[in-house]
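First the structure, in the form of C-alpha cells, and then the observations on it.
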Amino acid sequence: MNDLLTDSFVSDARGQPSRDNDIEMGTRVPRSSSDMGMEGFNKQIQEIEKQVDKLSALLKKLKDANEESKSVTKASEMKAIKKRMEKDVDEVGKIARNVKAKIEAINRENLANRQKPGCEKGTSVDRSRMNVTNALTKRFKELMTEFQTLRQRIQEEYREVVERRVITVTGTRPDEETIDHLIETGNSEQIFQKAIQEQGRGQVLNTLEEIQERHDAVKEIEKKLLDLQQIYMDMAVLVEAQGEILDNIESQVCFCTLNLFGWVVFLRAHMFVEGHILFGCVNGNVGSGFKCSH
1 MNDLLTDSFV SDARGQPSRD NDIEMGTRVP RSSSDMGMEG FNKQIQEIEK QVDKLSALLK
61 KLKDANEESK SVTKASEMKA IKKRMEKDVD EVGKIARNVK AKIEAINREN LANRQKPGCE
121 KGTSVDRSRM NVTNALTKRF KELMTEFQTL RQRIQEEYRE VVERRVITVT GTRPDEETID
181 HLIETGNSEQ IFQKAIQEQG RGQVLNTLEE IQERHDAVKE IEKKLLDLQQ IYMDMAVLVE
241 AQGEILDNIE SQVCFCTLNL FGWVVFLRAH MFVEGHILFG CVNGNVGSGF KCSH
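Spelled out as C-alpha cells, the structure:
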C-alpha cells in the first residue's frame with residue numbers, strides 16, 4: 001500500500017503517470033506519457049522557461065544600467081545609458097507578452113487534456129501538468145514583481161540624484177517643491193539662475209543638460225515598465241485560480257486515498273476474522289465430529 005502511494009507521488013514529480021493504474025481515481029493509466037501529451041507539454045514548458053531566463057538576464061542588465069546612471073554627470077553619457085535601457089525594456093515587454101500568452105494557452109490545453117483517457121481531473125498526469133504550470137506561472141509573476149520594484153527604485157533614486165545635482169551646483173539643499181518641479185518638468189534653468197550669474201552659463205550648462213536627459217530617460221523607462229504591471233496583475237489572478245484548482249484536486253486525492261486505505265483495513269480485518277472462524281471450525285470438526293454451520 002505504502003509503495004503504491006509513494007510511487008504515485010514520485011511519478012508526479014517526474015511528470016510521469018504512476019505505474020499501470022492511478023490508485024487515487026481507480027483509472028487505468030498507461031506507462032507511456034507520449035500518447036497523453038506529456039512530451040509536447042514538457043517541450044512547451046522548456047521553451048517558456050528559456051524566455052523567462054531571458055527576462056531574468058534583461059532585469060539584471062537594467063539594474064546594472066540604473067546603478068551606472070547614478071554616477072554619470074554628463075548628458076552624453078546619460079543619453080547612451082537611456083538608449084540601452086529603452087532597448088532592453090522594449091525587449092522585456094515583447095518577451096513578457098509572449099510568455100503570458102503561452103502560459104494562458106497551456107492552461108487551456110491542460111483543461112482540454114482532461115478529455116483524454118487516463119488524463120482525467122485528479123489523475124497523476126493531470127496533477128503533474130497543473131503543478132508544473134503553476135510553478136512556472138508563479139516564477140513569471142515574481143519576475144514581473146521585480147520589474148515593478150525596479151521601476152519604484154528608479155523613481156526614488158532619480159529624486160536623490162537630482163537633489164545632489166542641485167546641492168553641487170547651488171551649494172544649498174532644495175525644498176521638496178523645487179525637487180518635485182524638477183522631477184516633473186526636467187527644467188532646471190530657473191533653479192540654477194543664481195549659479196549661472198555667478199559661475200557663467202557654460203559652467204552650469206552641462207548639469208542642466210544632464211538633468212534634462214535624465215528626466216527624459218526616467219519618464220520613458222517608467223512608462224514602459226508600468227505597462228508590465230497589467231501582465232503582473234493578470235498573472236496574479238491566474239496563480240490564485242491555479243492554486244484553487246490544485247487545492248481542490250489534492251483534496252479529492254486525499255479523500256480517495258483515505259477511502260482506499262479504509263477499505264484495505266476493512267478487508268484485512270474481515271479476512272482475519274474469517275480465518276479465525278474457519279480455523280475454529282476445523283478444530284471443532286476434528287475434535288467433536290460436528291460440522292461447522294458458518
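Under UniProt numbering, the residues of the sequence shown are numbered 1 to 294, in order.
Yeah, the Cβ is synthetic: ideal placement off N, Cα and C, and Gly gets one too.
Values in this document were obtained by computation on a predicted structure and should not be read as measured data.
| Item | Value |
| --- | --- |
| For R201 and T145, what's the separation of their Cα atoms in angstroms? | 43 Å |
| Which full runs of the beta strand (DSSP E) of 3+ residues lie inside the region 103-172, going along the chain? | none |
| Since I103 contacts L55 with CB under 8 Å, what's their CB separation in whole angstroms? | Not quite, the Cβ-Cβ distance comes to about 13 Å (not below 8 Å), so this is no contact. |
| Which runs of the alpha helix (DSSP H) spanning at least 4 residues fall entirely within the region 162-231, listed in chain order? | 176-185, 193-199 |
| Which class does K54 belong to by DSSP, given the choice of helix, strand or coil? | helix |
| Quick one: what's got a C-beta closer than 6 Å to K79's C-beta in the same chain, skipping five residues either side? | E213 |
| Would you kindly check if the distance between the Cβ of K82 and the Cβ of Q216 is under 8 Å? | For the sequence presented, residue 216 should be read as Asp rather than Gln. Contact flag set, yes. |
| Identify, in the order they occur along the chain, each residue of the same chain with its Cβ nearer than 7 Å to the Cβ of I106, setting aside the five sequence neighbours on each side. | Q44, T133 |
| For R114 and G122, what's the separation of their Cα atoms in angstroms? | 9 Å |
| Which residues in the same chain have their Cβ closer than 8 Å to the Cβ of R139, if we skip the five residues on either side of it in sequence? | V52 |
| I'd like the ranges of any beta strand (DSSP E) spanning at least 3 consecutive residues and lying wholly in the region 35-86. | none |
| Taking Cβ to Cβ, would you say V89 is nearer than 8 Å to L225? | yes |
| Short of 8 Å in beta carbon distance, which residues of its chain neighbour R153, apart from the five on each side in sequence? Order them along the chain. | N66 |
| Compare the Cα-Cα distances from V161 to each of E86, S69, E222 and report the closest residue. | S69 |
| So, at 7 Å on beta carbons, what are the nonlocal neighbours of I221 in its own chain, with the 5 sequence-adjacent residues on each side left out? | M85, E86, V89, I154 |
| Nearest CA to the CA of G40: which residue from L58, E109, H181, S71? | E109 |
| Quick check: the Cα distance between K194 and V237, rounded to an integer number of angstroms? | 53 Å |
| Mind reading off the beta-carbon distance from I231 to R127? Whole number of angstroms is fine, and I expect it under 8 Å. | About 27 Å; that fails the 8 Å criterion. |
| Are there 16 or more other CB atoms within 10 angstroms of the CB of L182, so buried, or fewer, so exposed? | buried |
| Among A241, Q242, E240, M235, whose alpha-carbon lies nearest the alpha-carbon of A101? | M235 |
| Within 10 Å of its beta-carbon, does Q242 have 16 or more other beta-carbons around it, so buried, or fewer, so exposed? | buried |
| Here's a check: name, in chain order, each residue in its chain whose Cβ is nearer than 8 Å to the Cβ of K191, leaving out the five neighbours to either side. | For the sequence presented, residue 191 should be read as Ile rather than Lys. For I191, where only same-chain residues beyond five positions count, the Cβ hits under 8 Å are V166, T170, P174, T178, H181, L182. |
| One question on the structure: do M233 and C119 come within less than 8 Å of each other, judged by their Cβ atoms? | no |
| Taking only the alpha-carbon atoms, compute the straight-line gap between E142 and K61 and give it to the nearest angstrom. | 17 Å |
| Give me the residue from Q46, L59, K50, M38 with the minimum Cα distance to L228. | L59 |
| Please report the Cβ distance between E210 and A112, rounded to the nearest whole angstrom; I am assuming they are in contact, meaning their Cβ atoms lie under 8 Å. | In fact, because the Cβ distance is near 56 Å, the residues do not count as touching under 8 Å. |
| What number of angstroms, rounded off, separates the C-alpha of E184 from the C-alpha of Y158? | 11 Å |
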